[in-house]
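The sequence shown begins at 327 in our numbering and counts up one residue at a time. Cβ coordinates follow ideal geometry from the N, Cα and C atoms, glycine included. A quick note: this is a predicted structure, and the numbers were derived from the prediction, not measured.
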Amino acid sequence: MGPVRLQQLILVELAAAVMVAAWAAGTSWLLAPAGVVAALLLLLAVLRRGRRPLPEWYETARSLRRRRREAKLPVAPGTEPLLAPAVECDPALRTYSFVSRDDRSIGMIGDGTFLTAVLFVQPGDQPLRPGGSGRQLPLQLIHDALEVDGIRLASAQVVQHTQPAPAPHLPQQSLAARSYGPLQAQAGSPALRLTWVALKLDPELCPEAVQARGDGVPGAQRALLRVADQLASRLAGAGFQATILDENELVQAIATSSCLNPRANAQHAQDGRPSQRRTVEAVRTWRVDDRWHTTYWISRWPHMGNGGAALPALVAQFTSLPVLATTFSMTLSKAGGRGVSLAGHIRVTARGDDELAQLGRELERAASAAKVGLVRLDREQVPGALATLPLGGTY
Numbered sequence: 327m328g329p330v331r332l333q334q335l336i337l338v339e340l341a342a343a344v345m346v347a348a349w350a351a352g353t354s355w356l357l358a359p360a361g362v363v364a365a366l367l368l369l370l371a372v373l374r375r376g377r378r379p380l381p382e383w384y385e386t387a388r389s390l391r392r393r394r395r396e397a398k399l400p401v402a403p404g405t406e407p408l409l410a411p412a413v414e415c416d417p418a419l420r421t422y423s424f425v426s427r428d429d430r431s432i433g434m435i436g437d438g439t440f441l442t443a444v445l446f447v448q449p450g451d452q453p454l455r456p457g458g459s460g461r462q463l464p465l466q467l468i469h470d471a472l473e474v475d476g477i478r479l480a481s482a483q484v485v486q487h488t489q490p491a492p493a494p495h496l497p498q499q500s501l502a503a504r505s506y507g508p509l510q511a512q513a514g515s516p517a518l519r520l521t522w523v524a525l526k527l528d529p530e531l532c533p534e535a536v537q538a539r540g541d542g543v544p545g546a547q548r549a550l551l552r553v554a555d556q557l558a559s560r561l562a563g564a565g566f567q568a569t570i571l572d573e574n575e576l577v578q579a580i581a582t583s584s585c586l587n588p589r590a591n592a593q594h595a596q597d598g599r600p601s602q603r604r605t606v607e608a609v610r611t612w613r614v615d616d617r618w619h620t621t622y623w624i625s626r627w628p629h630m631g632n633g634g635a636a637l638p639a640l641v642a643q644f645t646s647l648p649v650l651a652t653t654f655s656m657t658l659s660k661a662g663g664r665g666v667s668l669a670g671h672i673r674v675t676a677r678g679d680d681e682l683a684q685l686g687r688e689l690e691r692a693a694s695a696a697k698v699g700l701v702r703l704d705r706e707q708v709p710g711a712l713a714t715l716p717l718g719g720t721y
């Protein structure tokens, strides 16, 4: 049946309220129609379609139809080709370049309601350290960055993008496959593993801190840079090299995590014709040029800590599939006074729909063995894709 959601509880409470109101009215003939209404409300609360309650399924289907209508609109002229797929998903996205007091150029991205700065993180001493022996990113430092000097972030997101070696499309007898295959099997390390930390600021969560730094967009940018600088410094103290990306590097990070085809990027950059849409959303997939993506939401985490699963090992297991690329996203945000909310997403990328379906089944089997709950985001692939890009967190 799955977890009970707030909508279901509300429907059950409404059904009970209808019956109580009919009984309190003291009119017997009202009980029959009230019972019918209550029964319908209970059915809406209990019945599911696609592993979702009916009201939630209807809402996702309606949102998908709306996004498909909006997808018929032309792309804004002059859109950066590397950023175009993300902008097609959220047309309000735009990048900024902020110059700090020490003349550093800092890249930021937002949609008018938030601003995000991105740090590229790698071990300070050995960037290509094998995955099993690599230093673990201290999540406590990420959590501490949620509130710094009165600046409260909306969320802090860790994104890890991996590409395997040898590439899965190469023949088994190819030189690259025979050279890299045994090495990968022994070390378990991919050809490429990139880690970003995206810090997302909603100025409405800390208006005093923003106002104290100049108010408006400049004040929000200074507040966000203050948090990014402190996190970079603390990560450096923990043995990591953390670089705050400039605008060009930020655009490149979003393009890399989107797993864009370099040939398509070059073609669109050189093409003088009006921009054409490069993305297509279906019920189960999100396609960019010739790359197919499917995103899953982590609905249940395994037991962590003493005697439980280690998060780095869990991520390594999910990102070691023979797939074009895998992107893992984990978002931390404040929940109540001292609590923390954790949201996780996994996006797999393949060269075709059939290959993607097969790899999706492998991922689901691996998750089941690790006691991790995975829910494919049917009819929500665009929000899911945005949740796995270094934009700061869930959409």
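Sorted by chain position, which residues of the same chain lie with C-beta nearer than 7 Å to residue i's C-beta, five sequence neighbours on each side aside?
i: alanine 412; result: Leu419, Ile580, Ser584 and Leu715
i: leucine 454; result: The predicted position of leucine 454 is uncertain, since its pLDDT is 47 and thus under 50; a value taken from the coordinates is nonetheless stated next. There are no such residues.
i: histidine 469; result: Leu658 and Val666
Counting along the chain, where does the beta strand (DSSP E) carrying residue i start and finish?
i: histidine 487; result: 481-489
i: arginine 613; result: 612-614
i: glutamate 607; result: 605-607
i: glycine 686; result: It is not in any beta strand (DSSP E) - glycine 686 instead sits in the alpha helix (DSSP H) that spans 679-695.
i: valine 444; result: 441-449
i: glycine 699; result: 699-702
i: glutamine 578; result: Segment 573-583 is the alpha helix (DSSP H) holding glutamine 578; no beta strand (DSSP E) there.
i: valine 523; result: 518-527
i: serine 426; result: Premise fails: serine 426 is in no beta strand (DSSP E) and is neither H nor E.
i: alanine 722; result: Coverage of the chain is limited to positions 327 through 721, which leaves residue 722 absent and any answer about it impossible.
i: threonine 652; result: 651-661
Looking only at its own chain, which residues have a Cβ that is under 8 Å from the Cβ of residue i, when we skip the five neighbours before and after it?
i: leucine 531; result: Arg478, Leu479 and Ala480
i: threonine 323; result: In this structure the chain extends from 327 to 721, so residue 323 is not present and cannot be described.
Given that a residue counts as buried once 16 or more other Cβ atoms are within 10 Å of its Cβ, and exposed if not, what is residue i?
i: alanine 661; result: exposed
i: alanine 351; result: exposed
i: glycine 565; result: exposed
i: histidine 629; result: exposed
i: proline 490; result: buried
i: serine 459; result: With a pLDDT of 47 at serine 459, under the threshold of 50, the modelled position of that residue is not reliable, and no figure is offered here.
i: threonine 299; result: What the structure shows of the chain is the stretch from 327 to 721, and residue 299 is not part of that stretch, so it cannot be assessed.
i: tyrosine 622; result: buried
i: glycine 670; result: buried
i: proline 379; result: buried
i: threonine 353; result: exposed
i: arginine 548; result: buried
Just reading off the alpha helix (DSSP H) that residue i is part of, what are its end residues?
i: leucine 551; result: 542-563
i: glycine 665; result: Segment 665-676 is the beta strand (DSSP E) holding glycine 665; no alpha helix (DSSP H) there.
i: glycine 710; result: 707-714
i: alanine 535; result: 533-538
Which residues in the same chain have their Cβ closer than 6 Å to the Cβ of residue i, if we skip the five residues on either side of it in sequence?
i: threonine 605; result: Pro411, Glu414 and Val614
i: alanine 590; result: Asp615
i: leucine 682; result: Trp618, Thr620 and Ala676
i: leucine 340; result: Leu367
i: tryptophan 528; result: One detail in the question is off: residue 528 reads as aspartate in this sequence, not tryptophan. The residues are Phe440 and Ala480.
i: lysine 697; result: Pro628
Could you have a look at residue i and say whether DSSP puts it in helix, strand or coil?
i: valine 338; result: helix
i: phenylalanine 644; result: helix
i: histidine 469; result: helix
i: alanine 351; result: coil
i: proline 453; result: Here proline 453 scores only 48 on pLDDT, less than 50, and its place in the model is too uncertain to base an answer on.
i: arginine 589; result: helix
i: histidine 629; result: coil
i: glutamine 462; result: coil
i: valine 474; result: strand
i: alanine 503; result: Caution applies to alanine 503, whose pLDDT of 49 falls short of 50 and renders its modelled position unreliable; the model cannot decide the point.
Hey, which unbroken runs of the beta strand (DSSP E) at 3 residues or more fall wholly within the segment 361-413?
none
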